[in-house]
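Participant: Here it is, the structure, as structure tokens.
In the numbering used here, the protein residues as written are 222 to 404.
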């Protein structure tokens with residue numbers, strides 16, 4: 222058998238066709254220069270990152286589509302936000318009611334404590350009913366506007382979460398005034 226025949230077995234090449242690199246050659250290939258490690262480079266990178274984050278925060282608060290999280294993107298979600306922001310919601314007074322209930326629960330009068338507990342449970346019941354009514358109203362409007370098969374999954378939950386927040390704490394910030402319902 223010829224030495225040249227060893228590299229070919231039945232017409233199929235054998236081996237990788239090149240010598241194995243030495244350890245020194247592999248280490249030299251893996252070596253990379255340390256770029257951007259100076260204090261000025263780190264400061265510039267941090268400043269750039271801070272600017273990008275601020276831009277994204279402002280964009281999200283303003284409701285710009287590219288800065289919104291996935292759960293807030295889309296025409297239907299914008300419609301829901303505008304609808305909920307245009308109406309008065311029971312959930313907007315959730316925190317003030319809770320503060321009053323906590324203060325009343327510190328009183329030593331058991332009748333006052335019991336009444337405050339009943340008030341908070343009644344309030345939660347009214348809140349749930351309000352969220353359900355708003356959710357069904359929004360779904361009906363979405364079906365009328367985009368068709369029967371149009372409503373996204375999770376619209377009712379999105380309505381409930383948005384309606385239960387105080388208006389000034391909502392993100393993205395409300396883009397419509399009260400009473401200014403979307404078409």
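Where is the CB? At the ideal position from N, CA and C, for every residue including glycine.
Everything numeric in this text was worked out from a predicted model, so none of it was measured.
Report back the beta-carbon spacing between residue 283 and residue 394 to the nearest angstrom; my notes put them in contact at under 8 Å.
Facilitator: Here residue 283 is taken as the residue at index 62 of the chain shown, counted from 1. Here residue 394 is taken as the residue at index 173 of the chain shown, counted from 1. Right, their Cβ atoms sit about 7 Å apart.
Participant: Closest by CA to residue 288, which one among 345, 301 and 278?
Facilitator: Here residue 288 corresponds to residue number 67 of the chain shown, with the count starting at 1. Here the closest residue by C-alpha is 278.
Participant: Give every residue of the same chain whose Cβ lies closer than 6 Å to the Cβ of residue 396, excluding the five residues on either side of it in the sequence, and list them in chain order.
Facilitator: The sequence position of residue 396 within the chain shown is 175, counting from 1. Taken in chain order, the residues that qualify are 284.
Participant: Nearest to residue 318 by CA position, among 302, 305 and 339, is which residue?
Facilitator: Working through the chain shown from its first residue, we reach residue 318 at position 97. Ranking 302, 305 and 339 by Cα distance to residue 318 puts 339 first.
Participant: For the structure I just gave you, are there three or more beta carbon pairs, one from the region 313-330 and one from the region 350-365, closer than 8 Å?
Facilitator: No, they do not touch.
Participant: How should residue 368 be labelled, buried or exposed, when 16 other C-beta atoms within 10 angstroms of its C-beta is the threshold for buried?
Facilitator: Within the chain shown, numbered from 1, the residue matching residue 368 stands at position 147. Exposed is the call here.
Participant: For residue 316, which of helix, strand or coil comes out of DSSP?
Facilitator: Reading the chain shown from its first residue, position 95 is the one you call residue 316. Here residue 316 sits in helix by DSSP.
Participant: For my contact list, residue 305 and residue 399 are in at a C-beta cut-off of 8 Å; report their separation, rounded to the angstrom.
Facilitator: For the purposes of this step, residue 305 is identified with residue 84 of the chain shown, where counting begins at 1. For the purposes of this step, residue 399 is identified with residue 178 of the chain shown, where counting begins at 1. Contact flag wrong, Cβ pair sits at about 11 Å.
Participant: Between which two residues does the alpha helix (DSSP H) carrying residue 250 extend?
Facilitator: By one-based count along the chain shown, residue 250 stands at place 29. Where residue 250 is concerned, the enclosing alpha helix (DSSP H) stretches over 244-251.
Participant: Just how far apart, CA to CA, sit residue 290 and residue 375?
Facilitator: Here residue 290 refers to the residue found at position 69 when the chain shown is read from its first residue. Here residue 375 refers to the residue found at position 154 when the chain shown is read from its first residue. Rounded to whole angstroms, residue 290 to residue 375 spans 15 Å at the Cα level.
Participant: Taking the alpha-carbon of residue 345 as reference, which of 310, 330, 331 and 377 has the nearest alpha-carbon?
Facilitator: Along the chain shown, read from residue 1 onward, the residue named residue 345 stands at position 124. Nearest of 310, 330, 331 and 377 to residue 345, Cα basis: 310.
Participant: Excluding the five sequence neighbours on either side, which residues of its own chain have a C-beta within less than 6 Å of the C-beta of residue 381, listed in chain order?
Facilitator: Here residue 381 is taken as the residue at index 160 of the chain shown, counted from 1. If we look at residue 381 and ignore the five residues flanking it on each side, its Cβ neighbours are 352.
Participant: At 4 residues or longer, and completely inside the region 263-320: list those alpha helix (DSSP H) runs for me, N to C.
Facilitator: Runs found: 296-307.
Participant: Do residue 307 and residue 348 have their beta-carbon atoms positioned less than 8 Å apart in this structure?
Facilitator: Residue 348 sits at position 127 when you count from the first residue of the chain shown. Residue 307 sits at position 86 when you count from the first residue of the chain shown. Going by C-beta atoms, residue 348 is not nearer than 8 Å to residue 307.
Participant: Within 10 angstroms of its Cβ, does residue 298 collect 16 or more other Cβ (buried), or is it exposed?
Facilitator: Numbered from its first residue, the chain shown carries residue 298 at position 77. Under this definition residue 298 is a buried residue.
Participant: At the level of alpha carbons, what is the spacing between residue 321 and residue 388?
Facilitator: On the chain shown, position 100 is the one that residue 321 refers to. On the chain shown, position 167 is the one that residue 388 refers to. Their backbone Cα atoms lie some 19 Å apart in a straight line.
Participant: For a test of the three-state rule: what should DSSP assign to residue 323, helix, strand or coil?
Facilitator: Counting from 1 along the chain shown, the entry for residue 323 is found at position 102. Residue 323: helix per DSSP, three-state reduction.
Participant: Taking the alpha-carbon of residue 313 as reference, which of 402, 391 and 233 has the nearest alpha-carbon?
Facilitator: Indexing the chain shown from 1 puts residue 313 at position 92. Minimum Cα distance to residue 313 is reached at 391.
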